[in-house]
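Peer 1: Residue numbers (our numbering): 33 to 230. Beta carbons are placed, not taken as given, at the ideal position from N, Cα and C, and that holds for glycine. Take this structure first; my questions come after.
In structure tokens, the structure reads:
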């Protein structure tokens with residue numbers, strides 16, 4: 033295991049209040065997401081040190097999928113990054129360029145299309161990152177014989193400019209996809225979540 037990523041972070045997961053209660057009571061576990069729009073690939077998704085963003089996501093989910101999220105809530109988690117594919121580190125972002133070329137060659141050889149990123153799917157899902165997901169999953173698959181990644185970490189510019197001409201976005205955040213559930217050392221209920229003021 034590489035020691036430079038052997039560190040702990042606090043993550044926040046937006047979900048339904050009933051699910052949060054069941055996880056806190058040890059009655060269930062969070063299930064890794066494996067959708068084609070999950071930009072960091074397969075995993076349990078958390079916002080790093082971002083409880084307000086996790087709550088905003090839960091509110092968005094309640095609007096989009098009211099059967100899934102009836103009462104928006106946030107679940108906190110202590111996460112050990114372990115072997116991390118950290119996309120905030122140039123070692124890994126440089127690797128993605130090489131991986132993309134190899135993946136594109138493989139797909140062309142099989143007569144398959146290279147996935148694309150798009151702003152919106154027909155079902156209304158925003159920020160559809162099919163290409164990003166495919167490259168990350170391909171990189172992890174290529175690395176499997178040498179190392180197994182426990183987590184994937186990335187920063188995202190989201191929500192449009194915070195003010196005219198800004199390079200700061202309204203919903204910028206760091207997200208973590210936990211591939212190895214053993215990296216979640218424990219859950220907690222945040223006391224209070226500061227919501228952004230309008």
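Rounded to whole angstroms, what is the Cα-Cα separation between residue 216 and residue 40?
Peer 2: Here residue 216 refers to the residue found at position 184 of the chain shown. Here residue 40 refers to the residue found at position 8 of the chain shown. A direct Cα-to-Cα measurement between residue 216 and residue 40 gives close to 10 Å.
Peer 1: Looking at the structure shown, is residue 110 part of a helix, part of a strand, or coil, going by DSSP?
Peer 2: The residue given as residue 110 occupies position 78 in the chain shown. Note: residue 110 maps to strand in three-state DSSP.
Peer 1: Hey, how far is the Cα of residue 112 from the Cα of residue 60?
Peer 2: On the chain shown, position 80 is the one that residue 112 refers to. On the chain shown, position 28 is the one that residue 60 refers to. Residue 112 and residue 60: Cα-Cα distance of roughly 20 Å.
Peer 1: For residue 83, which residues of its own chain have a beta-carbon under 6 Å away from its beta-carbon, when the five flanking residues on both sides are left out?
Peer 2: In the chain shown, the residue the question calls residue 83 occupies position 51. Only 44, 106, 222 and 225 meet the Cβ criterion.
Peer 1: Can you tell me which of the three DSSP states residue 39 falls into?
Peer 2: For the purposes of this step, residue 39 is taken as the residue at position 7 of the chain shown. Note: residue 39 maps to coil in three-state DSSP.
Peer 1: Quick one: residues in its chain with C-beta nearer than 6 Å to the C-beta of residue 214, no 5 flanking neighbours on either side, listed in chain order?
Peer 2: For this step, residue 214 is matched to residue 182 along the chain shown. Once the five neighbours on either side are set aside, residue 214 has no close Cβ partner at all.
Peer 1: Would you say the segment 178-185 touches the segment 69-88, given that touching needs at least three Cβ pairs under 8 Å?
Peer 2: yes
Peer 1: Mind pulling the alpha helix (DSSP H) runs of 4 or more residues that sit fully within the segment 106-191?
Peer 2: Counting only runs of 4 or more, we get 122-141 and 162-175.
Peer 1: Three-state secondary structure (DSSP) at residue 55?
Peer 2: Taking the first residue of the chain shown as 1, we reach residue 55 at position 23. Residue state, collapsed to three classes: helix.
Peer 1: Using beta-carbon positions only, say whether residue 188 and residue 168 come within less than 9 Å of one another.
Peer 2: As a first step, residue 188 must be located in the chain shown, where it is residue number 156. As a first step, residue 168 must be located in the chain shown, where it is residue number 136. No, the pair does not count as a contact, with Cβ atoms beyond the cut-off.
Peer 1: Once DSSP output is grouped into helix, strand and coil, what is the label at residue 83?
Peer 2: Indexing the chain shown from 1 puts residue 83 at position 51. Three-state DSSP puts residue 83 in a helix.
Peer 1: Cβ of residue 131 within 9 Å of Cβ of residue 77?
Peer 2: The residue labelled residue 131 in the question sits at position 99 within the chain shown. The residue labelled residue 77 in the question sits at position 45 within the chain shown. If you check the CB distance, residue 131 and residue 77 do not come in under 9 Å.
Peer 1: How many Å lie between residue 175 and residue 139 at the Cα?
Peer 2: In the chain shown, counting from the first residue as 1, residue 175 sits at position 143. In the chain shown, counting from the first residue as 1, residue 139 sits at position 107. Spanning the two alpha carbons is a distance of roughly 18 Å.
Peer 1: Between which two residues does the beta strand (DSSP E) carrying residue 220 extend?
Peer 2: If you number the chain shown from 1, residue 220 lands on position 188. For residue 220, the uninterrupted beta strand (DSSP E) segment begins and ends at 216-220.
Peer 1: I need the DSSP call for residue 101, collapsed to helix, strand or coil.
Peer 2: Here residue 101 corresponds to residue number 69 of the chain shown, with the count starting at 1. Coil.
Peer 1: Tell me the rounded alpha-carbon separation between residue 33 and residue 80.
Peer 2: Position 1 of the chain shown holds residue 33. Position 48 of the chain shown holds residue 80. In this prediction, residue 33 has a pLDDT of 48, which is less than 50 and means its spatial position is unreliable; nothing more can be read from the coordinates.
Peer 1: Please classify residue 164 as buried or exposed, where buried requires at least 16 other C-beta atoms within 10 Å of its C-beta.
Peer 2: Counting from one through the chain shown, the residue named residue 164 turns up at place 132. Under this definition residue 164 is a buried residue.
Peer 1: Taking only three categories from DSSP, how would you classify residue 201?
Peer 2: To locate residue 201, count along the chain shown from 1; it is residue 169. DSSP places residue 201 in strand when its eight states are reduced to three.
Peer 1: Rounded to whole angstroms, what is the Cα-Cα separation between residue 56 and residue 123?
Peer 2: The residue labelled residue 56 in the question sits at position 24 within the chain shown. The residue labelled residue 123 in the question sits at position 91 within the chain shown. Approximately 36 Å, taken between the alpha carbons.
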